[in-house]
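Student:
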Amino acid sequence: MAFNLIRNSRVFWTSNVNTTTGAVNSSGFLPANTREIQVLDGFSFSQNTTSETVTLNEAGATPVRGQRSFNTALDPADFTFTTYMRPQDAGTTITCEESVLWNAMFSDKPIGDAAAAWTDGATSATAVLTNSNKHQLHAFGLVIIVDDTTFVIDNCVLNTATIDFGLDAIASVQWAGQGGSLRQITSPTITANSNLTIGGALGGSLQGTFLQKVTNCPYIANKLSVVTLDEEIGSGGTAYNVALTGGSLTISNNVTYLTPANLATVNKPVTYFTSTRAISGSLNAYLRTGTGNTSALMQSMLNNSATAVNPAFYMNISIGGTGTTKVDFTMPAVVLTIPTVNAEQVVSTTINFTAQGYVGSAFDI
Numbered sequence: 055m056a057f058n059l060i061r062n063s064r065v066f067w068t069s070n071v072n073t074t075t076g077a078v079n080s081s082g083f084l085p086a087n088t089r090e091i092q093v094l095d096g097f098s099f100s101q102n103t104t105s106e107t108v109t110l111n112e113a114g115a116t117p118v119r120g121q122r123s124f125n126t127a128l129d130p131a132d133f134t135f136t137t138y139m140r141p142q143d144a145g146t147t148i149t150c151e152e153s154v155l156w157n158a159m160f161s162d163k164p165i166g167d168a169a170a171a172w173t174d175g176a177t178s179a180t181a182v183l184t185n186s187n188k189h190q191l192h193a194f195g196l197v198i199i200v201d202d203t204t205f206v207i208d209n210c211v212l213n214t215a216t217i218d219f220g221l222d223a224i225a226s227v228q229w230a231g232q233g234g235s236l237r238q239i240t241s242p243t244i245t246a247n248s249n250l251t252i253g254g255a256l257g258g259s260l261q262g263t264f265l266q267k268v269t270n271c272p273y274i275a276n277k278l279s280v281v282t283l284d285e286e287i288g289s290g291g292t293a294y295n296v297a298l299t300g301g302s303l304t305i306s307n308n309v310t311y312l313t314p315a316n317l318a319t320v321n322k323p324v325t326y327f328t329s330t331r332a333i334s335g336s337l338n339a340y341l342r343t344g345t346g347n348t349s350a351l352m353q354s355m356l357n358n359s360a361t362a363v364n365p366a367f368y369m370n371i372s373i374g375g376t377g378t379t380k381v382d383f384t385m386p387a388v389v390l391t392i393p394t395v396n397a398e399q400v401v402s403t404t405i406n407f408t409a410q411g412y413v414g415s416a417f418d419i
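What follows is the structure, given as structure tokens:
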């Protein structure tokens with residue numbers, strides 16, 4: 055009996071899916087539509103069944119006390135995994151391995167399309183939410199090889215992306231999503247290839263090639279991160295610089311699935327829809343006095359608390375600091391709550407924020 059070891063696991067992202075069902079195809083894999091994603095230890099995936107139990111409750115000397123259970127529906131498959139944020143200098147453009155994930159999070163079109171969320175650039179790569187107002191997002195599938203066992207998750211959608219600002223950590227994103235179904239297939243044979251731009255071969259029940267992982271991209275240290283706040287949408291007001299001690303940012307598509315409720319069958323998810331797009335988070339910092347510091351920010355918000363219904367700020371979080379290797383999360387319009395004070399040995403504060411839509415210099419839902 056062979057055991058499956060997590061250290062031998064590999065994860066592949068592919069947009070080579072059936073255009074109608076979203077199921078991963080068995081052939082047609084190319085470096086343009088399939089790539090290996092480097093994930094951290096602790097990834098998980100599962101698919102559960104919804105059941106209904108019928109019970110009896112009757113009087114008498116010899117009541118029937120049995121029960122009967124039914125499987126009524128197959129829930130969407132759930133998956134979570136974490137990737138590091140590692141910008142890649144491809145020679146003429148800046149990109150990253152997780153670009154396909156950012157694009158699938160914010161757009162229904164593949165990279166390269168005019169309406170795609172992700173764009174590689176000569177000096178920087180960009181992911182925007184401009185085209186994210188869609189009921190359904192870019193279809194993709196996951197192929198997960200767990201040592202000698204291979205699973206496929208069909209018709210996937212990314213629901214949340216969470217960025218944690220732990221000071222003793224490397225910049226990473228925790229991705230969570232769902233898929234229409236989870237299935238097990240014959241494990242493919244991965245053929246090694248020294249040319250990373252061409253990729254290896256997927257054998258077995260999956261035929262084709264893929265873009266191999268790139269292992270020499272730089273890592274980003276959270277401890278170098280800085281936050282810029284401006285007391286005006288789009289900047290131009292009082293500026294604050296916050297030295298972080300921690301925090302997090304969560305982007306959510308609030309995905310919901312539709313599942314029928316027919317009798318005498320196990321109902322399967324039919325489709326999904328995105329709901330409210332929500333971007334929120336918190337910043338932890340020491341309470342520091344002085345112009346442009348957290349104490350001045352708190353004083354300003356307290357002074358305006360009786361009249362400011364939705365205090366508007368510009369926020370930019372530079373993960374990795376001000377150098378050339380960094381990731382910027384720019385939110386031109388956010389609402390802040392009054393920072394809380396944490397009475398510790400060194401007094402600290404927590405700033406909660408929620409990003410907003412905006413037009414010009416005003417919020418717009």
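Each residue of the sequence shown is one higher than the one before, starting from 55 at the first, in the numbering used here.
Don't be surprised by glycine CBs; every beta carbon is placed ideally from N, CA and C.
As the structure is a prediction and not an experimental result, all values here were calculated from the model.
In the structure shown, what three-state DSSP assignment does A494 receive?
Tutor: The question about residue 494 has no answer here: the residues shown for the chain are numbered 55 through 419.
Student: What span of residues does the alpha helix (DSSP H) with M159 cover, start to end?
Tutor: S153 to F160
Student: So V206 packs on V78, CB below 8 Å; how close in whole Å?
Tutor: 5 Å
Student: Looking at T134: is its Cβ nearer than 9 Å to the Cβ of G231?
Tutor: Against a cut-off of 9 Å, the Cβ pair of G231 and T134 comes out as a contact.
Student: Using the DSSP secondary-structure output, state which residues sit across from E106 in a beta bridge.
Tutor: F124
Student: Find out if the Cβ-Cβ distance for the pair T404, S334 is shorter than 9 Å.
Tutor: No, these two residues do not count as a Cβ contact at 9 Å.
Student: Where does E285 land, buried or exposed, given buried means 16+ other C-beta within 10 angstroms?
Tutor: buried
Student: In whole angstroms, give me the CA-to-CA distance for M385 and F97.
Tutor: 29 Å
Student: Going by DSSP, what residue range makes up the alpha helix (DSSP H) through G349?
Tutor: One point to set straight first is that residue 349 is Ser, not Gly, in the sequence displayed. Segment T348 to N357, the alpha helix (DSSP H) holding S349.
Student: Report the option in A275, V93 and Q121 whose CA atom is closest to the CA atom of E106.
Tutor: Q121
Student: Below 8 Å on the Cβ atoms is my guess for G374 versus A225; work out the distance and round it to an integer in Å.
Tutor: 6 Å
Student: Rounded to whole angstroms, what is the Cα-Cα separation between G254 and K267?
Tutor: 10 Å
Student: Grab me the residues of Q238's own chain with a C-beta within less than 6 Å of its C-beta, minus the 5 sequence neighbours each way, in chain order.
Tutor: F205
Student: If you reduce the DSSP assignment to three classes, tell me which class L278 lands in.
Tutor: helix
Student: Of all the options N358, N307 and F327, which has the alpha carbon lying nearest to the alpha carbon of W229?
Tutor: Considering only alpha carbons, the answer is N307.
Student: Go ahead and pull the three-state DSSP assignment for V65.
Tutor: DSSP, read as helix, strand or coil, puts V65 in strand.
Student: Please classify P323 as buried or exposed, where buried requires at least 16 neighbouring CB atoms within 10 angstroms.
Tutor: With 16 or more Cβ atoms within 10 Å of its Cβ, P323 is classed as buried.
Student: Given a threshold of 16 other Cβ atoms within 10 Å of its Cβ, counted over all protein chains shown, does L312 qualify as buried or as exposed?
Tutor: Burial call: exposed.
Student: Run through the DSSP bridge pairs and tell me what Q238 is partnered with.
Tutor: Answer is F205, bridged to Q238.
Student: Can you tell me where the beta strand (DSSP E) holding L298 begins and where it ends?
Tutor: A293 to S306
Student: Given S302, which residues of its chain have a CB within under 7 Å of its CB, disregarding the five upstream and five downstream residues?
Tutor: Closer than 7 Å at Cβ, skipping near neighbours: T216, I217, D218, F219, G335 and S336.
Student: With a Cβ-Cβ cutoff of 9 Å, do G195 and N213 count as a contact?
Tutor: no
Student: Pull up the CB-CB distance for N70 and T88, whole angstroms please, since I reckon it's below 8 Å.
Tutor: 6 Å
Student: Could you tell me the alpha carbon to alpha carbon distance between A366 and S415, rounded to whole angstroms?
Tutor: 9 Å
Student: Among residues of its own chain, excluding the 5 on either side of S349, which ones have a beta-carbon nearer than 8 Å to its beta-carbon?
Tutor: Counting only Cβ-Cβ distances below 8 Å, and skipping sequence neighbours, we find L341, R342 and T343.
Student: Would a C-beta distance cut-off of 9 Å place I371 and A332 closer than the cut-off?
Tutor: In this structure, A332 does not lie closer than 9 Å to I371 by Cβ.
Student: With H, G and I counted as helix, E and B as strand and the rest as coil, what does DSSP make of N217?
Tutor: Here residue 217 turns out to be Ile, not Asn, going by the sequence shown. DSSP places I217 in strand when its eight states are reduced to three.
Student: When you compare the CB positions of T310 and S329, do they come within less than 9 Å of one another, or not?
Tutor: yes
Student: When the Cα atoms are used, what is the spatial distance from V154 to T73?
Tutor: 18 Å
Student: Looking only at its chain, what residues have a beta carbon closer than 6 Å to the beta carbon of L278, apart from the 5 residues adjacent to it on each side?
Tutor: Excluding positions up to five away in sequence, the list reads G374 and G375.
Student: Look at T103 and L128 and say whether their C-beta atoms are less than 9 Å apart.
Tutor: yes
Student: Would you report the Cα separation of S186 and A131, rounded to the nearest angstrom?
Tutor: 23 Å
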